[in-house]
Structures are given as structure tokens and as C-alpha cells.
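Sequences listed follow chains A and B, in order. As numbered in our numbering, residues 1 to 355 make up the first sequence, in order. As numbered in our numbering, residues 356 to 710 make up the second sequence, in order.
2 protein chains.
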Amino acid sequence: MSLTGPVEVVGVGLLGTSVALACRRAGLEVLLTDVSPEHLRTASGLGAGRPRVDADLPQLVVVAVPPDHLGAAVTEALIRTDAVVTDVGSVKQAPLRAVLSAGEAVDAARYVGSHPMAGSERSGPLAASAALFDGRPWAVVPHEGSRPDAIALVDELAAVCGAATVRLSPADHDRAVARTSHLPHLAAVLVAGRLADAPADHLALSGQGLRDVTRVAGSDPGLWEQIVSANDRAVLGVLGELREQLDTLIAALDSGERPGLHDVLTRGVAGTRAIPGKHGGPVRPMGAVFVAVPDHPGELARLFADAGASDVNIEDVHIDHDPARPVGLVELVVEEARAEHLLTSLESRGWVTHR
Amino acid sequence: MSLTGPVEVVGVGLLGTSVALACRRAGLEVLLTDVSPEHLRTASGLGAGRPRVDADLPQLVVVAVPPDHLGAAVTEALIRTDAVVTDVGSVKQAPLRAVLSAGEAVDAARYVGSHPMAGSERSGPLAASAALFDGRPWAVVPHEGSRPDAIALVDELAAVCGAATVRLSPADHDRAVARTSHLPHLAAVLVAGRLADAPADHLALSGQGLRDVTRVAGSDPGLWEQIVSANDRAVLGVLGELREQLDTLIAALDSGERPGLHDVLTRGVAGTRAIPGKHGGPVRPMGAVFVAVPDHPGELARLFADAGASDVNIEDVHIDHDPARPVGLVELVVEEARAEHLLTSLESRGWVTHR
Chain A
1 MSLTGPVEVV
11 GVGLLGTSVA
21 LACRRAGLEV
31 LLTDVSPEHL
41 RTASGLGAGR
51 PRVDADLPQL
61 VVVAVPPDHL
71 GAAVTEALIR
81 TDAVVTDVGS
91 VKQAPLRAVL
101 SAGEAVDAAR
111 YVGSHPMAGS
121 ERSGPLAASA
131 ALFDGRPWAV
141 VPHEGSRPDA
151 IALVDELAAV
161 CGAATVRLSP
171 ADHDRAVART
181 SHLPHLAAVL
191 VAGRLADAPA
201 DHLALSGQGL
211 RDVTRVAGSD
221 PGLWEQIVSA
231 NDRAVLGVLG
241 ELREQLDTLI
251 AALDSGERPG
261 LHDVLTRGVA
271 GTRAIPGKHG
281 GPVRPMGAVF
291 VAVPDHPGEL
301 ARLFADAGAS
311 DVNIEDVHID
321 HDPARPVGLV
331 ELVVEEARAE
341 HLLTSLESRG
351 WVTHR
Chain B
356 MSLTGPVEVV
366 GVGLLGTSVA
376 LACRRAGLEV
386 LLTDVSPEHL
396 RTASGLGAGR
406 PRVDADLPQL
416 VVVAVPPDHL
426 GAAVTEALIR
436 TDAVVTDVGS
446 VKQAPLRAVL
456 SAGEAVDAAR
466 YVGSHPMAGS
476 ERSGPLAASA
486 ALFDGRPWAV
496 VPHEGSRPDA
506 IALVDELAAV
516 CGAATVRLSP
526 ADHDRAVART
536 SHLPHLAAVL
546 VAGRLADAPA
556 DHLALSGQGL
566 RDVTRVAGSD
576 PGLWEQIVSA
586 NDRAVLGVLG
596 ELREQLDTLI
606 AALDSGERPG
616 LHDVLTRGVA
626 GTRAIPGKHG
636 GPVRPMGAVF
646 VAVPDHPGEL
656 ARLFADAGAS
666 DVNIEDVHID
676 HDPARPVGLV
686 ELVVEEARAE
696 HLLTSLESRG
706 WVTHR
């Protein structure tokens, strides 16, 4: 079997409409379903497909509804159609449990969960894009009873969306996202929560580190309430680990026991090195070059033109928000071996830089 | 009194040498002291000043040694000279305690602590730059007995270094950095520490959120051990708050109590909004435009040239590290009111974008 369509998308929010647009880009027929007639009109108007009618026979149903409604919507799709059914939710055991608990009436072999690692701080069909999944990881998560041809079809969907497939079991997936997504999110939320009532002159000392750590905590609380609730057991596991490590840290600091404190800090360094590098390859040593840039249109373009002329690939960029002056500090992250060359080259073009 | 020099810098690492270079840039005579003859030669060679001799009479001594040695070095400078003495350490009560506990032999009125909010993942004099403090906050932290003319002189030093002065008491300063710097650092360390032994296929799901949250945890554990130890009481205070909030979160999740979970998440959103915006002004609503960019030199330059031609000011940039393909996803953060215009303008120039 290969993906020839029609593909039905249930729930035309940001993710569902983006999947639909990517399928349309590949020339597939797309059928749309949503509880909101307005979202349905919007998504159709964007060229994401046409509203489904009863006579339609989809080959693949993609369920893209909020976590609280996922299990019911997947089950309904399995009962209503003969299609392969997948979903794009952030948690994979909860919808599977719903499908299996529905009993013999539901052909669970046609269900293969999946989870594209993409999103946006915006939501709704207007925020959607066929390019949303380009180059992102996409976890394809079969259960023990999933049919091989159903798995292959969901792999094809990820490929059509331009994503890179990662294969995990439902339990492994949920443990993985608890650790790599839900734990950092909740830690950021707790740190940010400690700022809400702080005096303004204390917050004047805020630096880029604080902004980096707390950035994700600004996301929609309603959605995250559903995500962590759907993965409560795995999240409680990693939160328990966090609490244990926090207690170790507090005890070491309280008793002035330096080696214990050093151990905690060193384990953190090891953790940052365990995160896969760009393009999934080994982590190369990176260096930073800081450049003072006047804060008006055109200056960043001039900087990147000069950096490009230095023939050094910029791996990452951070702009430090300057609290007092109309000058931004731009951090260019490049391969350590190329950093000195970039600095010299930029200085020769009149930029004020440092490392 | 106004700053006319000579300025003596004790400890010519990254911060000390950068202060020295900024003072030299302003035409001030700079005297250098360090326990390492090699660092002293390097800093002198960079034009940061000349080694101090016994006959020198500095007007201002800037102590820039590691936290563990700060109190002793400040006290020594007060005894050895008649100069105003400041330091650039991350914690302000610990060196003050050392000065006051030295008794009548030490003229504490000439001591005014300070703390520039700048740094780098690199260290040592070779990483220094006169531009390191440009536009950064610089906390000037007098104690109750500090002389007004001494305070004014340290304010001038911050101005010479291009920084923006923030005035705080020692106790307020230490509480402020515990909350805005030491707490997020330690939270990042604990989250990163939970990755060190995770299976590689779990880490394949790592996204930009995880990288943002854990980035600071890669910093030098030896330095951070000294920083948090020097501020142990204030840090224990905020870690206690963190533990209490973590317990609230765990209890809410364990009991399935959704309103409690929602409260924690909502407080996090409020905290991210409490962080001062760019240029210290009120936080303006920001929007993101995502652009697919081929991963080779010159493409970023082309993107920023096109963005500049759209006459939209780029407030921040994030480059998403792509695990599978030679295409980077660049997130351009701009004022929300300008985002749609930027997107349309970039698309008309052939870029694949989404919001």
C-alpha cells in the first residue's frame, strides 16, 4: 500500500491544517472535519481541502484534536471508516488506551499513533503552513497490534510532510517526551512563576540566561494542562527525579558541602552535551562571537552580509535585549575553529566585536 | 571627585581585563595586578595597562578575582591603598561581610560593591573586550557606610564601560540575582542532569524548547560552585520556594486536580511577562515568522537583506537545529503588527515561510 489518498484530517487547527496543506502540496485529495464550521470554512478557504461528506472513503485519517478529546476521536474514526488512523497528539499511551478499551468493535490494528515535533506559539488554521514540519523529527509510534502496512502509510505521511521519522513504542515515546519536553517546560514554568511578584528593580538585573530558561513558559496554559495530564504517570516519574536532585542540591548547599554541589553542576554539563547536535551528528565544539549592532532595520542585513563574506557558516544567533541603549548585542555561534577568523574578518569591516 | 585615574585592576581574567580595556579606551591610566605572571603579561600585551609597582597611587581599585577570594582581595586593597575600592563579583553581601569583619583597621567607607551583568562562556584575558559591558545593566551596590563620593566614582566606572547603572542594597542585590540568575541556572542544571543517562532514541525528540531551557547549564561548574556558595542563604530561599511549588505541582498532577495544575501554568505565563522588555520599556506584543533557509554561508545574509528591504526591525532570531536535513528553520521575532507584512514580503522574494 502506498499513500494515494484521500486523506481525512479531523480537527483543522494549526497542526491539522498544516498536515492538510502538506498533503495538498503533494497532490493528494484532502477531506476536512471540524466541530467549528468557521475553522472548517477557513481551512477550506486556505486550500487545505474540502469538507468531508458521508460518502467519502478516506485511505488515511489524521486526528488532530486537543489531547482531552484525542482518544474518543481516534476511536470514532476507526469505527466510522475502514481507513488507517493516526493522530498527531503529544502523548501516545492515552489515546491507545482509549482505543483498546473500546473492545472488539474497534479494529485497533489500523491505528498507529504519531507525533510531529513542531508547533508555534500561534494556533488555529490561519497559523498553518505546509512547511511547518520541514526537517523536523516526527515520531511514528506503532503499538504491538499495529498492521505493518498501516505503519508504512503513516511513515509515508511524515515523509510527505517533509519530516524525519523516529520510531518509538508508545511507552518509550511518553517517557521520552516527559524528559525532553514536559520536564523542561514545567521547570521553566516554575522558575518563571517565581518572577511574577518580584520587585521591578530586582528584575532589572534579568539577563539572557533568564530569558532563555523561561521562554517556553509563555505558552498556552490550557493546552499544556491537557498535555501533562495526558502523560501524568511519566511526568510524575521525571518530576520525582527532579525533586530528588533538588533535595540533594539543597542539602549540599545548606551544609556547605562543595563536592556534592560540584557533582550536581557537572552532571548538568554532561546533560547539555548529550543533546544531539545539528543534523543529528556528533556535537562539534562551538564558539561565540559577539557583535554590537545598531538597533534599526538594515543593520542585521549588513552584519550577515559581512559574516557571509567571511565564508563562515552561522550555526546559531542570539540577540541580547539591551535594557538601556539603542544598540543590540548579537551573538553569532560558529564552529570554534572558525570563530577567530570570523572575528578578525568582521573587525576589518568596522564591526565592534568580542568573544 | 571624578574619575581621572589611575585605575588599578586586581585579577586580569575576562572581566578584569575587559574593565581595564574600557578604561584605556577612555584614556585612563590602568595598573594591573594578578597572581599569574602569564595573565599579567597577556593583559599588558593586549594594551590593558601596565603591571602595578609599589609607588603607584591608584584613585580606584577594581577587584575582579573569583568569588572564593573576593573578600580577602577587597580587604587587602583597602588596607594597601587610600583608593576607592569596588569589585565586580556576582554576589555582594559576602565580600562586604569580609570587609566589615576586618574591624577598624579597614576603612570600609571607601568600599562600594558592584556587579556588571556581562560575561561569556570563555574566560581569561584573551577573551576580554572593551565592548563587553556596552549597554548591559551594571548594579552599583553601596553599603550603609559607603562614602557618597566613592559611590559616584563607581557610577562613573560603569559609565566609562558603557553600562547602565542599577542601584540596589547588598541584601536586595543578592536576593535579586538569586531569583533572576542563580535559580534559573540551577533549574537548567537539574533538567540537563536528567538527560545525561537518557537513551539516544529518546533524545532524538529534543526540540528547541529543551535547548533553550538547558543552554546555561553548560557553563563552568567550578565558577558556579563558588557563585552559589557565596550566595547560599538567598539561593536556599528561592530553592525552597521552587521545592514548595514543585510539591504543589506534583500533588495536583497526582490527584488529577486540573485547577491546581492550571494555576501553576498560569503563574508561569505571568512571570515571563514580568521580565523587562527590550530597552527596559514595556513588553510589546511580538510575533514570529518562520523561514526555511538552506544551511550554507550566504543564505542568512540573503534572508536578512530581504528582511531589511521589508523595513521591519528584527527583534530576535532563533535558528532551529535541524536533526535530519540541510535546511535550517530560522525564526524571526518582530512586532506582532509587522509580522504579516514581513511574511508577505519574504514570500514575494521566494522564501518559504510560515507563522
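Note that CB positions come from ideal geometry on N, CA and C, so glycine has one too. Treat the numbers as computed from the prediction; the structure is a model and nothing was measured.
Check	Outcome
Outcome for residue 32 of chain A when other beta-carbon atoms lying within 10 angstroms are tallied against a minimum of 16	buried
Interface partners of residue 573 of chain B on chain A, CB under 7 angstroms	269, 272
Straight-line Cα distance separating residue 241 of chain A from residue 608 of chain B	15 angstroms
Start-end ranges of the alpha helix (DSSP H) lying completely within the segment 357-412 of chain B, minimum 4 residues	369-380, 392-400
Assigned secondary structure, residue 101 of chain A (DSSP; H/G/I helix, E/B strand, else coil)	helix
8 angstroms Cβ cut-off: residues of chain B touching residue 214 of chain A	539, 623, 626, 627, 630
Same chain, Cβ closer than 6 angstroms to residue 688 of chain B, five either side skipped, listed in chain order	641, 643, 670, 671
C-alpha gap between residue 390 of chain B and residue 404 of chain B, whole angstroms	16 angstroms
For residue 224 of chain A, the three-state DSSP class (helix, strand or coil)	helix
Closer than 7 angstroms to chain B by CB, residue 351 of chain A	no
Amino acids of chain A, ordered along the chain, whose beta-carbon sits closer than 9 angstroms to that of residue 499 of chain B	Those within 9 angstroms of residue 499 of chain B in chain A number zero; the least Cβ separation is about 18 angstroms.
Touching by the beta-carbon criterion (3+ pairs, under 8 angstroms), the segment 551-564 of chain B and the segment 601-618 of chain B	no
Contacting residues, own chain, Cβ-Cβ under 8 angstroms from residue 634 of chain B (five flanking each side not counted)	Since pLDDT at residue 634 of chain B reaches only 44, below the 50 mark, its modelled position is unreliable, and no value is offered.
Inter-stretch contact (C-beta, 8 angstroms, three-pair minimum) for the segment 574-584 of chain B and the segment 508-517 of chain B	no
7 angstroms CB neighbourhood of residue 487 of chain B in its chain, flanking five on each side removed	373, 473
Beta-bridge pairing of residue 641 of chain B - partner residues as DSSP gives them	B:690
Cβ-Cβ distance between residue 547 of chain B and residue 572 of chain B below 7 angstroms	yes
Reduced DSSP category for residue 436 of chain B - H, G, I as helix; E, B as strand; rest coil	coil
Local conformation of residue 498 of chain B per DSSP, three classes	coil
Straight-line gap, residue 507 of chain B to residue 464 of chain B (C-alpha atoms, nearest Å)	13 angstroms
For residue 504 of chain B and residue 357 of chain B, the rounded distance between their alpha carbons	8 angstroms
Distance CB(residue 42 of chain A)-CB(residue 58 of chain A) smaller than 7 angstroms	no
Burial state of residue 251 of chain A, where buried means 16 or more other Cβ atoms lie within 10 Å	exposed
Close beta carbons around residue 502 of chain B, own chain, < 7 angstroms, minus the five adjacent residues each side	464, 465
Inter-stretch contact (C-beta, 8 angstroms, three-pair minimum) for the segment 60-68 of chain A and the segment 5-17 of chain A	yes
Chain A residues whose Cβ lies nearer than 7 angstroms to that of residue 547 of chain B	268, 271, 272
In DSSP terms, what residue 471 of chain B is bridged to	B:493
Short CB-CB distance (under 7 angstroms) between residue 286 of chain A and chain B	no
Interface positions of the segment 63-89 of chain A facing chain B (Cβ-Cβ less than 8 angstroms), listed along the chain	none
Sub-7 angstroms separation of residue 130 of chain A and residue 21 of chain A beta-carbons	yes
Whole alpha helix (DSSP H) elements within the segment 203-282 of chain A, 4-residue minimum	208-214, 221-230, 232-254, 258-274
For residue 276 of chain A and residue 143 of chain A, the rounded distance between their alpha carbons	26 angstroms
Cα-Cα separation between residue 661 of chain B and residue 352 of chain A, rounded to whole angstroms	24 angstroms
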